[in-house]
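Everything on this sheet refers to the single structure shown next.
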Amino acid sequence: MTITLNGEPYELDAPLTLSALLERLGIDARRVAVEHNLTVVRRARFDETIVGEGDRIEIVNFVGGGSGPAAGAPMSSSDPLVIAGRAFRSRLIVGTGKYPSFPAMAAAHEASGAEMVTVAVRRVNIHDRSKESLLDYIETSRYTILPNTAGCYTADEAVRTARLAREAGLSNWVKLEVIGDEKTLFPDNEALLEATRQLVKEGFVVLPYTIDDPVLCRKLEEAGAAAVMPLGAPIGSGLGIQNANNIRIIREQARVPVIVDAGVGTASDAAVAMELGADAVLMNTAIAGARDPVAMAHAMRLAVEAGRLAYLSGRIPRRMYASASSPVEGVVR
1157 MTITLNGEPY ELDAPLTLSA LLERLGIDAR RVAVEHNLTV VRRARFDETI
1207 VGEGDRIEIV NFVGGGSGPA AGAPMSSSDP LVIAGRAFRS RLIVGTGKYP
1257 SFPAMAAAHE ASGAEMVTVA VRRVNIHDRS KESLLDYIET SRYTILPNTA
1307 GCYTADEAVR TARLAREAGL SNWVKLEVIG DEKTLFPDNE ALLEATRQLV
1357 KEGFVVLPYT IDDPVLCRKL EEAGAAAVMP LGAPIGSGLG IQNANNIRII
1407 REQARVPVIV DAGVGTASDA AVAMELGADA VLMNTAIAGA RDPVAMAHAM
1457 RLAVEAGRLA YLSGRIPRRM YASASSPVEG VVR
């Protein structure tokens, strides 16, 4: 008999349970989520769910994309980042993809002081079970793991991916991505709203990645998003904040946290985002792709802290001409 396993034909001698299939593949059932004929299967039902002729099986885990505080997290308990009632001391969220190695990723996470890391949901490699697992290098007792739907191009794909991530046992939080263009990786606004509404209805805490459009951000908030995540520039571009005024407007009108997501290239970009009033910054490539990821992670941590402090301090107004800082009275002439 033939089934479709992670998109490929797979031969079985006879029907068997999901538990037996996972054992045959050498997969730890505690580390994955399974979809049987487009329905996510609860782990408690693996022993009773039978896989038969023509069935479609998807087995997913987590790869680098993107509880309690990480060691060395900034002590800013008086100014916490609060999302859906949960408080974080760090306002820097980091990803897990593109690092030269898992140990380098772990060291960069430590240096960043981040408390939340993003991971992508992907099919399990059923052909090479010797590969290391990303989760072996993330202490889930120290970091909040935020699954994302990276690579999804329809609302249905994103919703299915979020359901699988939740079933895998991480949480009901999701960084929602519904991509509308392959070259720019800009989101599909209509599909993003549709997926947000559906996932909120199903009890998810939804953090949608969106373009820097104040109107769309308002609609996402009205749809129930726990935060809005406007891009600073295209994903992985390193261009920095391209439309500062839109970020400022989004912050002024939003009643949920605003997290600048994508486009940061260096520490000054992160500081600018925070000085504009962003509640947090999410980044991956800027750290993972740096010549020294650990040093850059530390720099980003300091930049986010400095930018937040500057925003709260209140900058001086811009002037066209000079304004002396020393009194002119009593000058010796």
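Start counting at 1 in the sequence shown, then tack on 1156, and there's your number in this note's numbering.
In this text, a Cβ means the ideal position worked out from N, Cα and C, and glycines have one as well.
Relative to Ile-1391, the option among Ala-1418, Val-1412, Asp-1369 whose CA is nearest is Ala-1418. Secondary structure at Glu-1214: strand, using DSSP grouped into helix, strand and coil. Non-local beta-carbon contacts of Ala-1400 in its own chain, meaning distances under 8 Å to residues more than five positions away in sequence, involve Val-1428, Leu-1432 in chain order. Collapsing the DSSP output to three states places Pro-1473 in coil.
Along the length of the region 1252-1307, whole alpha helix (DSSP H) runs at least 4 residues long occupy 1258-1268, reported in chain order. Beta-bridge partners assigned by DSSP to Leu-1438: Ile-1249, Asp-1417.
Selection Ile-1159, Val-1315, Ala-1423, Glu-1179 evaluated against Val-1207 yields Ile-1159 as nearest (Cα-Cα).
Note that the C-beta distance between Ile-1415 and Pro-1370 is not below 8 Å. Of all alpha-carbon atoms in Pro-1259, Ala-1306, Gly-1470, Leu-1178, the one lying nearest the alpha-carbon of Asp-1344 is that of Ala-1306. By the 16-neighbour rule on beta-carbons within 10 angstroms, Pro-1165 is exposed.
Here the alpha carbon of Lys-1357 sits roughly 54 Å from the alpha carbon of Tyr-1477.
Here DSSP, grouped into helix, strand and coil, assigns Met-1385 to strand.
In this structure, Val-1334 lies away from Pro-1303, with their beta-carbon atoms at least 8 Å apart.
Apart from sequence neighbours up to five positions away, the residues of its chain that approach Val-1460 with a beta-carbon distance below 7 Å are Arg-1247, Leu-1248, Ala-1426, Met-1430, Val-1437, ordered along the chain. Residue pairing for His-1192: DSSP places it in a beta bridge opposite Thr-1195, Ile-1213.
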